[in-house]
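Numbering (our numbering), first residue to last: 2 to 186. For each residue, glycine too, the CB sits at the ideal point set by N, CA and C. Quantities reported herein were computed from a predicted structural model and do not represent experimental measurements. Please read the structure below before turning to the comments.
The structure is reproduced here in structure tokens:
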């Protein structure tokens with residue numbers, strides 16, 4: 002049988018541009034792009050039999066990390082499953098005709114894609130749950146005190162940190178922001 006697997010990706014968040022020109026017997030569509038709770042992928046792998054074919058638009062659709070990709074490739078080899086990666090013009094049984102450098106560049110790029118995918122969908126999920134994203138903001142009172150202590154040149158960075166709880170790197174980041182704001186005014 003020919004199966005298809007679709008899930009949202011960074012470049013296709015609605016999952017509408019995947020496997021559009023392919024005819025498959027059955028398509029499994031994941032509702033989200035997150036790494037966890039990929040129920041459709043699990044259902045698919047429970048359904049697949051030896052000798053079946055699986056079509057995915059690209060590697061990012063199927064895996065979230067190089068380790069997961071390796072695990073899926075091992076599973077495919079064990080079950081004699083042929084996986085077609087449409088965009089990459091690859092299968093799990095074909096090797097790119099490339100130099101070692103080109104292969105390393107490919108897998109480095111793949112690792113960056115996995116990270117981007119994971120970060121994008123994790124941040125979107127956190128925002129939907131109402132979680133604040135990024136570093137927590139320091140209180141204005143402590144920040145103002147740190148600025149005053151720093152500007153007075155009477156205190157060491159350690160003393161400023163002890164009095165305000167603001168580390169050297171955080172203080173410098175806020176000082177840089179303060180300089181940019183002053184330039185804009």
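C-alpha gap between residue i and residue j, whole angstroms
i, j, result
"residue 51", "residue 31", "23 Å"
"residue 61", "residue 164", "48 Å"
"residue 125", "residue 33", "11 Å"
"residue 147", "residue 110", "42 Å"
"residue 36", "residue 42", "11 Å"
"residue 90", "residue 23", "14 Å"
"residue 140", "residue 129", "25 Å"
"residue 131", "residue 156", "39 Å"
"residue 107", "residue 73", "18 Å"
"residue 88", "residue 158", "53 Å"
"residue 15", "residue 92", "25 Å"
"residue 121", "residue 3", "30 Å"
The alpha helix (DSSP H) enclosing residue i, as first and last residue numbers
i, result
"residue 162", "158-165"
"residue 73", "67-79"
"residue 142", "141-153"
Anticipated Cβ contact below 8 Å, residue i with residue j, distance rounded
i, j, result
"residue 17", "residue 118", "Not a contact, Cβ separation roughly 17 Å."
"residue 76", "residue 115", "Going by Cβ atoms, the distance from residue 76 to residue 115 rounds to 18 Å, so no, they are not a contact pair."
"residue 112", "residue 67", "6 Å"
7 Å Cβ shell around residue i - same chain, five flanking residues per side excluded
i, result
"residue 161", "147, 150, 151, 167 and 172"
"residue 127", "134"
"residue 94", "83"
"residue 19", "7, 13, 58 and 62"
Residues near residue i in its chain [Cβ-Cβ closer than 8 Å; skip 5 each side]
i, result
"residue 65", "36, 115, 118 and 119"
"residue 44", "29"
"residue 179", "148"
"residue 175", "139, 144, 147, 148 and 167"
Range covered by the beta strand (DSSP E) that runs through residue i
i, result
"residue 7", "3-7"
Own chain, CB closer than 6 Å to residue i, minus 5 neighbours either side, in chain order
i, result
"residue 5", "20, 25, 28 and 56"
"residue 80", "51"
(Q) Just to confirm the assignment: which complete alpha helix (DSSP H) runs, minimum length 4, are found wholly within the stretch 27-61? (A) 40-48
Q.
Report the start-end ranges of each beta strand (DSSP E) in the stretch 83-114 that is 3 residues or longer and not cut off at the edges.
A. 83-86
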